[in-house]
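Beneath this line is the structure, given in structure tokens, with notes to follow.
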Amino acid sequence: MFTRHRRKATRPGLLSRLDQEVREEIRFYLEMRVAELEAGGLEAEEAWRQALEAFGDPEEVVKETKKAYVGGSAMGRRIEVGSSVFRDLVFAVRTLRKRPMFTGAAVISLGLGIGANTAIFSVMNSLLVRPLGVAEPDRLTPVYTSQTGGSLHGNTSYPDYLDYRERNEVFAGLAAHTIAPMAVAGNGAPRVMAGQLVSW
């Protein structure tokens, strides 16, 4: 807002250099116009009112000038985005300093949320994401028994697995596994869950 007195509404560095220069130019023009009107016999307040009315909205002029000067260039857009982010950060810090109870609650909530996410990720990573505990997991391949006229990926009996393992000349080793229902006992009644039977 442009008024008769200069105000320190913003700290140095929060507005871009262009913004400050445009505001200083507008203020200089308005002060010169007010001086002319005062020399013509008008009171200071009335002189400022007439000067502003004739000039138009200074904030709109600042906005349009900045847009014309930097709006067309990628560098200008980056400068404006960076300036906007910086102003938002300063505002956030001021707000948090004014409300220490809210700040404490926010910090505790963020800490608990980040801690919970870290714990969940650690569990999921160890169970689902982490590769198998073998030397070269990318060299593992499944082997199936195909049934004539039936499923391409059929089951293999355990005796067949033993024969394949004994006569194997292709793979470094073989292991067998199958899904099986299992009773899991704990506190309360046992529950039936799916498990894996795996050769040693």
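The working numbering numbers the first residue of the sequence shown as 131 and each following residue consecutively. Using N, Cα and C, we set each Cβ at its ideal position, and we do this for glycine too.
query                                                                                               : result
For Lys193, three-class secondary structure by DSSP                                                 : helix
Neighbour-count burial assignment, Leu160, 16 or more Cβ in a 10 Å radius                           : buried
Residue range of the alpha helix (DSSP H) that includes Gly245                                      : 230-254
For Thr308, the three-state DSSP class (helix, strand or coil)                                      : strand
Proximity of Pro311 and Val322 at Cβ, strictly below 7 Å                                            : yes
Any alpha helix (DSSP H) of 4 or more consecutive residues that is wholly inside the region 279-323 : 288-297
Cutoff 7 Å: Ile238 Cβ touching any chain C Cβ                                                       : Among the chains of the structure shown, chain C does not appear; only one protein chain is present.
Anticipated Cβ contact below 8 Å, Tyr291 with Gly284, distance rounded                              : Contact flag wrong, Cβ pair sits at about 13 Å.
Val328 - DSSP class collapsed to helix/strand/coil                                                  : strand
Arg229 to Thr195 span [Cα, whole Å]                                                                 : 37 Å
DSSP-derived helix/strand/coil call for Thr410                                                      : Given a span of 131 to 330 for the chain in the structure shown, any question on residue 410 remains unanswerable.
Segment limits, alpha helix (DSSP H) that includes Gln180                                           : 174-185
Burial state of Leu242, where buried means 16 or more other Cβ atoms lie within 10 Å                : exposed
Residue environment, Trp178, which counts as buried when at least 16 other CB atoms sit within 10 Å : buried
Inter-residue Cα distance where the pair is Gly234 and Gly245                                       : 16 Å
Cutoff 6 Å; reference Val152; Cβ partners in own chain excluding five residues on either side       : Val192, Thr195
CB of Ala181 within 7 Å of CB of Arg163, strictly                                                   : yes
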